[in-house]
Every structure is written in C-alpha cells, then in structure tokens.
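Heads up: the structure comes next, in structure tokens.
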Amino acid sequence: RKKSLHAVKPSEKPYKRKLDKTRQDRLYFDSYTDSIRGKVVLDVGAGTGVLSIFCVQAGARKVYAVEACSIAEQAVKIVRQNNMEDRIEVIRGTVETADLPEMVEVIVSEWMGYALLHESMLNSVLYARDKWLKPGGIILPSKAELYVSPISDPVVEDRLHFWYTAKDQYGVDMSCMSDFARRCIMNTDITVNSVTVEDVLSHPARFAELDLHTVTVEVLRAVKGEFRCESFGSAAVNAFCVHFTVTFPCPDKPQGLVLSTSPFKPETHWKQAVLYLDAPTGAVKPSPSVASTCRVNNLITRRHIQKALSFFFFFFLFVFLSCHKYFKMTVMTSH
C-alpha cells in the first residue's frame, strides 16, 4: 500500500524508525573502526542515542549526542543502561545552541526526512560542520547522489477505474469524478512506495550530487540538475521515481561504500519516491529519450515544492549509517 507524504504518523518519526531497523543500522560500522577509534564524535539529532552507542562500540573516545526533542531524556536512560555515561554526553537542545567543550573529528547524523527535506536536519548538520568539525574531519555519510527514472505506475489507472465501475457496483454514475481524481493524484499525491522494476521505463539518470563537506545552505535552497533518460520500454509515462545513493568513505575502497535505494536493488525501508505528472504522456517507445531540468526549493524554510516543467519534484533521501562487524554484505554500486 502506498504511503502519502501528507499522512506521516507521529509514530513514524526518525527515532522510532531507528529502533525498527536496528539490524540495518549496524551495517557499515566495521569499516569505520579505524576512522572512529579514539576520536571525538558529534551525533546531530541523536534521538534515542543508538548511533552514539554504535560509535562508542566502534572505539570513539567521546560522543556528544545532541537532541532537541524530549526523546533526549530516554537517550540518557539508554546510555546509562549501557554503562556509557563516561563516553556519551547527551545534550538536550539544538546543535545551533549547543555549547560543546571541544571540537570534533567526526560528525554522524540521520538527518534526512521523507523526500530528503521533509523534517530534514540538513541545515543543522551543515551548521555543526562549519562550527565544530576540525579541519580534515569526516562526515558520515559524506556524499549523496539522486537519481530519477520515468515509470508507468499501474496504481493510477487502478484508482481511476473505480469511478467508472461505481455505477455497476452501487447504481450511482460517478464517472465525472475521473478528471478530478486524476488531478488529485497527479498534483498532490506524492507517495513513498516500493517501485517494481517492471514499471521502470529507463535506467536511472543522476541529476544531483551533494558533497556534505562542501555543500552550502545557499546551494540547498534550490538544487538544480539536468537529466536524460533513454527509454527501454513502451508505455505511458505517468510518474517519475526518485531514489538515492549514499557514500561512506572507506580507506580500503577508493570509491567508498555505497548504499543504493534503487528499485533495481534489494528493497530498503526507504523505498522510493513516486512523483506524478500533471497528465500522463503518450506511450514512449524504446530508444527515445526524456530530458529535462529539475529544480527543488529547500523545504526546510519553504513548505512547498517548486514545479519544474509539468511535474512536481520532491527528493527522497535518508541517511543510512552504521555497520556491525558480524554482518557481511556485498557493496552494491548504483545503476
């Protein structure tokens, strides 16, 4: 079942998701033991403090867990229960108001929200980077790349079909609702869903890259990127699928460790973002390409999406941080 971004329940806040995906959250930390051991770490938006505890288990000398919400009180209890009070200091407040006693060498944060900027803490991460990160320090993850693919989503027609069948089922002709229903779907119903590869009409095209060591708040106010997708299927395009990859620096791998949320990869809890067109295109055939320029406003300060060409564009991005030394996985590069 699709999940609308406009219907996110309070129980699905980031700290709740952390507990639900503990096994996933332990991935990758084994690769950072050398990077974290003996270092001072800042956890921005620490939530329950799970990532802070992982950092201590990876050998961090000290972790400052900054959390603005009341969940910080629970983080204190969890830290105490794990006998880490001497290594983890939970600070209740925003990173902008926090007064750390020292500079840090590593910043970790699960800063992304639904569609990248929904409930995002990216501005706070950049503030922490500029104020508290030592020269040569690292940010985990260090880079994010965004990809877009045209898709033919069968759910659209399934939902519209209801209005044409209402007369047979209930004796009421409601077919006149179809145009209104289509506008509702195409213009406002931005969803998080698992896209099947059968519905994807091209290989994903990268349109934006964020380097967390250099990106600025000014750049994030309007991220813009061009893309071109070569169609390998014949179907009507009624939506775009957006997914991301995040890269963690790894001394043993020049390209780093890459986690992909592509529909061509095993499913993650982030799934993909489905962005509907104002109106479906005619059937595209193999070889013809779809090209465009996308522009997105920073939703941290503006709670709306800027329309680009004929479709809403909204980022879907979450951070995936952590690694457990007992888990093994094959690093997957993005399509």
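Sequential numbering of the sequence shown, starting at 989, is according to the numbering used here.
Glycine residues also receive a C-beta, built at the ideal position from the N, C-alpha and C atoms.
Quantities reported herein were computed from a predicted structural model and do not represent experimental measurements.
- For His1149, the enclosing alpha helix (DSSP H) covers residues 1142 to 1158.
- Distance from the Cα of Trp1120 is smallest, within the candidate group Ser1140, Ser1137, Glu1093, for Glu1093.
- Per DSSP, Thr1021 lies in no beta strand (DSSP E) segment; the continuous alpha helix (DSSP H) that holds it begins and ends at 1021 to 1024.
- The three-state reading of DSSP puts Cys1238 in strand, counting E and B together.
- Contact check between the stretch 1249 to 1260 and the stretch 1178 to 1196: three or more CB pairs, one atom from each, fall below 8 Å, which counts as touching.
- Runs of alpha helix (DSSP H) with 4 or more residues, each lying fully within the stretch 1076 to 1124, are found at 1110 to 1120, listed in chain order.
- For Thr1233, the closest alpha carbon among the candidates Glu1145, Val1225, Thr1256, Ala1169 is that of Thr1256.
- DSSP places Ala1060 within a helical segment (H, G or I) once states are collapsed to three.
- Residues of the same chain with their beta carbon placed closer than 7 Å to that of Glu1061 are lacking, with the five preceding and five following residues left out of the count.
- Per DSSP, the unbroken beta strand (DSSP E) holding Phe1195 starts and ends at 1193 to 1199.
- Judged by DSSP secondary structure, Glu1206 falls outside any beta strand (DSSP E) and instead within the alpha helix (DSSP H) spanning 1205 to 1208.
- Ranked by how close their Cα comes to the Cα of Gly1026, the residues Ala1056, Arg1170, Val1044 have Val1044 in first place.
- A contact is defined here as three or more CB-CB pairs under 8 Å, and the stretch 1192 to 1212 meets this definition with respect to the stretch 1133 to 1149.
- For His1201, the closest alpha carbon among the candidates Gln1243, Trp1151, Lys1122, Gly1035 is that of Lys1122.
- For Leu1263, the enclosing beta strand (DSSP E) covers residues 1260 to 1264.
- Per the coordinates, the alpha-carbon of Thr1204 lies some 47 Å from the alpha-carbon of Trp1151.
- For Leu1208 and Lys1155, the gap between their C-alpha atoms comes out near 49 Å.
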